[in-house]
Amino acid sequence: MVRLPWGGSDEDGDDDDDDLEPENPPEGVVRLEPVVACEFDHVTLFVYDDHVHVERPDGSKFEDKSIPLDEVTGVEFAEGIVVGYLQVCQVRFENDGTAMFKTPVDANTCHFRRGSRECAKRARDAILERAGRGDGG
125 MVRLPWGGSD EDGDDDDDDL EPENPPEGVV RLEPVVACEF DHVTLFVYDD HVHVERPDGS
185 KFEDKSIPLD EVTGVEFAEG IVVGYLQVCQ VRFENDGTAM FKTPVDANTC HFRRGSRECA
245 KRARDAILER AGRGDGG
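Each residue of the sequence shown is one higher than the last, beginning at 125 in our numbering.
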């Protein structure tokens, strides 16, 4: 959970998280914390209840991007031998394709190394679940 600087202690005088947002918020409540957050080499991917956010460092070829989940049509995922990728397919967005020895490079694609595969899988599953798709695209 994010601690806001003006938050201070809770009502019972301690700083524990017992009264913060529940793991499964009531229907209609949008969680402020990401469901999944993956830090890859040159990109951080956040999955929220209503959107996916791709955050890139300054100087990147692509800007930070938020993708509403109601615009997600699927997720392309490849583990790769050394480097894998997770590509969010979006309405009205033309994703880069793959070729022999080439992974896609576009604003909706995150590349990850072997050590980040499990987080990438969790992100893929969370995106598909929240976008109402379970077939991988």
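C-beta atoms are modelled at their ideal positions from N, C-alpha and C, and glycine is treated no differently.
Can the beta-carbon of Val336 be found closer than 9 Å to that of Cys213? This structure gives no information on residue 336, because the portion of the chain shown stretches from 125 to 261.
Compare the C-alpha of Ser240 against each of Val206, Phe217, Ala255 and name the closest. Here the closest residue by C-alpha is Val206.
Go ahead and pull the three-state DSSP assignment for Lys245. helix
Buried or exposed (CB count within 10 angstroms, at least 16 for buried), Val215: exposed
Please report how far the alpha carbon of Glu242 lies from the alpha carbon of Ser190, in whole angstroms. 22 Å
Reference Leu169, options Leu210, Ala202, Asp220, closest by Cα: Leu210
Might you give, ordered along the chain, the residues of its own chain that have their beta carbon closer than 8 Å to the beta carbon of Glu187, omitting 5 neighbours on each side? Excluding residues within five positions, the ones whose Cβ falls inside 8 Å are Arg180, Ala231.
If you draw a straight line from the C-alpha of Arg237 to the C-alpha of Asp194, how long is it? 28 Å
Spatial neighbours of His166 in its chain, beta-carbon cut-off 8 Å, leaving aside the 5 residues before and after: Arg180, Pro181, Ser184, His235
If we count the other Cβ atoms within 10 Å of its Cβ and call it buried at 16 or more, is Arg254 buried or exposed? buried
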